[in-house]
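Next up, the structure:
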């Protein structure tokens, strides 16, 4: 195992995938934890992949957005390529899905709004993500949503990915126009986000084929089961937003990722009431075993955490009607009655005199 990459000292291996190996590291000088991704040796042999990795790595390093995992350095050492990025303490959405199935619609709205906002920034910067999917989205233990792993280079050995030199991305999340040979634009990222949100709220992908050919055929036809047929409790406003992302014709999808972000933010603001959106995601991680109760209680009180746990266990669409809210109303009423009683007691001697 390599011991140092640039100014980053390798601590331990934390993952392997189609792109290569991911290490936890410590960046000296700035004294901060980072992630170091080593490009798979088989990919390094491809001059096309290496050049794309360099070019796009430099481009994405210019992006600075709170919902995007930042790229800090691109290092070439001993015929090996390394990408140094933020280290996110949390879990990716693929793991969160595997742990507890479909997510409540309010969580999906919060996640979707942050991802759409990030994509809007990416598109405004003249770039595309090209590989939006649950495995490429992290939820931190602070409730942050982080988009990572842009479609820079993908491994030919990973069966979930297309072959290098043909298409970049994951077939299940590719828009019809991309599968038809078009390079795709911002609307293709919106499509991929729609597939991701559908999977989060329904617990399964909208298009599933026994093989690649069948999958491509289903995507090109654009037919899928309606969100509410699989998730009856999902509010119509969220279901319609997701289905609009999946319109077969790009021009019929959301005109921009930013428009989708504003739509989902408005829904979340109404349904979460006084609970901060990040706190809702911290509760989700805690309820599924990816964060401790102590971490969750640093962001909310016990009653609120218990209410979210009950809502998550029952698979409710939102947690708009927290029992804690009713308790607060009752407490306010009790306080008003106590104040009235105190006033009456204070005025009673005056009345007698």
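Numbering (the UniProt record's numbering), first residue to last: 1 to 353.
Backbone N, C-alpha and C fix where the C-beta goes; we use that ideal spot for every residue, glycine too.
Check: Does the beta-carbon distance from residue 74 to residue 95 come in below 9 Å?; Outcome: no
Check: What are the uninterrupted segments assigned as alpha helix (DSSP H) that are 4 or more residues long and contained completely in the segment 224–268, given in chain order?; Outcome: 227–230 and 236–245
Check: Just grab the DSSP bridge partners of residue 26 for me.; Outcome: 9 and 33
Check: Tell me the DSSP secondary structure of residue 92 in three-state form.; Outcome: strand
Check: In the segment 85–152, which residue ranges form an unbroken alpha helix (DSSP H) of at least 4 residues, counting only runs that do not cross its ends?; Outcome: 93–100 and 105–124
Check: So which of 19, 291 and 294 has the shortest CA-CA distance to residue 149?; Outcome: 19
Check: Could you give the distance in angstroms between the alpha-carbon of residue 397 and the alpha-carbon of residue 32?; Outcome: Examination of residue 397 is not possible in this model, given that the chain is present from 1 through 353 alone.
Check: Can you find the residues in the same chain that come closer than 8 Å, C-beta to C-beta, to residue 15, ignoring five residues on each side of it along the sequence?; Outcome: 21 and 22
Check: Please list, in chain order, all residues of the same chain as residue 140 whose beta carbon is under 8 Å from its beta carbon, the five residues on each side excluded.; Outcome: 88, 89, 90 and 146
Check: Hey, out of 77, 85 and 135, whose CA is closest to residue 414's CA?; Outcome: Past the edges of the chain, shown from 1 to 353, lies residue 414, and the structure says nothing about it.
Check: Among the residues of its own chain, which have a CB less than 6 Å from the CB of residue 173, if the five just before and after it don't count?; Outcome: 133, 192 and 195
Check: Taking DSSP as the reference, what is the three-state secondary structure of residue 360?; Outcome: Outside the displayed span of the chain (1 to 353) sits residue 360, for which this structure offers no information.
Check: If you reduce the DSSP assignment to three classes, tell me which class residue 178 lands in.; Outcome: helix
Check: Candidates 97, 218, 104 and 9: which alpha carbon is nearest residue 239's?; Outcome: 104
Check: Quick check on residue 61: does DSSP put it in helix, strand or coil?; Outcome: coil
Check: Got a sec? Which residues, its chain only, sit under 8 Å from residue 328 by beta carbon, not counting five neighbours each side?; Outcome: Here the model assigns residue 328 a pLDDT of 45, short of 50, so the residue's position is not dependable and the matter cannot be decided.
Check: Please classify residue 353 as buried or exposed, where buried requires at least 16 neighbouring CB atoms within 10 angstroms.; Outcome: Since pLDDT at residue 353 reaches only 42, below the 50 mark, its modelled position is unreliable, and no value is offered.
Check: Can you tell me where the alpha helix (DSSP H) with residue 2 in it begins and where it stops?; Outcome: First-last for residue 2: undefined, no H or E at that position.
Check: Below 8 Å on the Cβ atoms is my contact criterion, and I expect residue 220 with residue 284 to pass it. Report the Cβ-Cβ distance as a whole number of Å.; Outcome: Between residue 284 and residue 220 the Cβ distance is about 34 Å, and since that is not below 8 Å, they are no contact.
Check: What are the boundary residues of the beta strand (DSSP E) that residue 74 is part of?; Outcome: 71–77
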